[in-house]
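Colleague: Have a look at this one.
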Amino acid sequence: MTEVMIQLRGLTKKYEDITAVDNLTLDILRGEIFGLLGPNGAGKSTTILMLLGLTEPTSGSVHVNGVDATRYPIRVKQIVGYLPDDVGFYEDRTGVENLVLTAQLNGVAQDEALDRAQTLLKRVGLEQAGDKKVGTYSRGMRQRLGLADVLIKNPDIIILDEPTLGIDPEGVREFLRLIRTLSRDEGLTVLLSSHHLHQVQQICDRVGLFVSGRLLATGNIDELAKALFEKDPIIIRIQLRSADDRLQHVLENMEDVHKIKKLDESRFELHCTRDITSEIARKIVREGYDLQELTKKHYGLDEIYHRYFEGGDRHEKPLSKVK
Ligand code: ADP
Ligand code: MG
């Protein structure tokens with residue numbers, strides 16, 4: 000049975016002259032790892048703050064496990080563990096001490112707090128460092144301590160804002176694997192935000208691509224690519240074994256061929272309104288040309304990255320302004 004743990008409906012947040020989050024509707028299910036993905040300034044952190052009841056939406060609603068987060072932020076805080084992008088610890092206290100403090104603040108008795116702290120330190124791979132002062136921790140260690148800190152009150156949901164920021168690649172892999180294991184072992188629902196497409200797709204069951212406050216598509220990477228590039232032409236490349244000019248004319252007269260680019264004497268690129276790869280192959284062979292290669296352009300992670308994360312996106316409206 001699927002159970003909605005986080006329900007966002009028409010969620011909108013406007014600051015003076017910008018709409019940081021624009022009419023966001025989304026369901027996140029129990030046990031799922033959902034990646035809120037988007038370039039800097041997309042509105043990820045603002046969304047998370049509204050989810051936690053830490054900032055009030057301009058309009059729309061947020062429910063976390065059925066609780067209205069805007070009206071009952073304290074109740075939401077009891078079931079959600081939140082790791083902000085810059086987590087604060089007492090630098091001159093040890094990892095264990097910091098965790099015990101958090102546990103006590105959440106109403107866990109002293110003995111049990113220590114027990115839990117030690118179990119969790121082990122869980123996140125910090126058992127050796129538990130007695131060292133947090134001030135000496137690396138960024139990766141701090142994030143793992145942050146994860147233990149978030150888990151100490153046994154939340155049903157954890158929300159991590161840019162958790163891999165500033166960690167080295169090996170540390171990132173370990174950290175993400177840890178989140179995945181925790182979620183699978185304990186049925187935790189995880190919402191994490193990131194502007195690292197490549198990282199997020201490694202562990203998320205689903206991602207939502209968020210640009211300029213708007214959710215453009217959700218799904219796994221293949222589904223995202225499909226939704227985002229649905230209006231793009233199908234691009235088919237043809238490579239002949241030897242130069243031949245006449246082919247262009249033959250192809251021009253084919254139905255569904257919208258544009259032909261000659262790349263060089265023996266290579267052509269076709270923009271088609273439909274996938275006609277096999278028709279093209281048959282035609283070329285039947286007309287007696289020596290076909291060396293026929294490829295269809297695949298839209299995936301790299302295309303998503305280039306279009307939405309680097310230098311903005313020409314196909315979508317720019318940052319929405321308040322009217
Ligand atoms: P992300 O976390 O995806 O990088 P944010 O949610 O932090 O994006 O920001 C989204 C937009 O809202 C940005 O344009 C940012 O400058 C703006 N913004 C965020 N917080 C505030 C604030 N407190 N006051 C005014 N503008 C803000
Ligand atoms: Mg942010």
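Oh and the sequence shown: position 191 is 190 in numbering that gives the first Met the number 0, straight run, nothing missing.
Note that the Cβ used here is the ideal one computed from N, Cα and C, for glycine as well.
#1: Take K295 and list the residues in its own chain whose beta-carbon comes closer than 6 Å to its own, dropping the five residues that flank it on each side.
#2: Taking 8 Å as the cut-off, does the region 219-235 touch the region 64-84 (at least 3 CB pairs, one atom from each stretch)?
#3: Assign Q161 to one of two classes, buried (16 or more other C-beta atoms within 10 Å of its C-beta) or exposed (fewer than that).
#4: For D21, count the other beta carbons within 10 Å of its own beta carbon; 16 or more makes it buried, fewer makes it exposed. Which is it?
#5: Quick one: using the 10 Å Cβ neighbour count with 16 as the cut-off for buried, is P168 buried or exposed?
#6: Along the chain, where does the alpha helix (DSSP H) that runs through T118 open and close?
#7: Can you list, in chain order, the residues of its chain whose CB lies under 7 Å from that of Y327, leaving out five sequence neighbours each side?
#8: What are the residues that DSSP puts in a beta bridge with H270?
#9: Let me see if you follow: with CB-CB separation under 8 Å, is L120 close to chain D or not?
#10: Note down the Cα distance separating V3 from R285, rounded to an integer number of angstroms.
#11: Taking the beta carbon of N97 as the centre, do at least 16 other beta carbons fall within 10 Å, making it buried, or is it exposed?
#12: Among residues of its own chain, excluding the 5 on either side of G129, which ones have a beta-carbon nearer than 6 Å to its beta-carbon?
#13: Between the Cα of L227 and those of H270, I202, Y298 and A280, spot the shortest distance and give me the residue it belongs to.
#14: Less than 7 Å between the CB of K282 and some heavy atom of ligand 1, yes or no?
#15: Counting only the same chain and skipping the five closest in sequence on each side, list residues whose C-beta sits under 6 Å from that of G165.
#16: Can at least three beta-carbon pairs, one atom from the region 40-49 and one from the region 6-15, be found at a separation below 8 Å?
Modeller: Short version:
#1: I235 and T276
#2: no
#3: In the sequence as displayed, the identity of residue 161 is Glu instead of Gln. The residue in question, E161, is buried, as its Cβ has 16 or more Cβ neighbours within 10 Å.
#4: buried
#5: exposed
#6: Q109 to R122
#7: This structure cannot speak to residue 327, because the chain is shown only from 0 to 322.
#8: I234 and K258
#9: Judged by its chain identifiers, the structure shown contains no chain D, having just a single protein chain.
#10: 55 Å
#11: buried
#12: G94, V95 and L120
#13: Y298
#14: no
#15: R138
#16: yes
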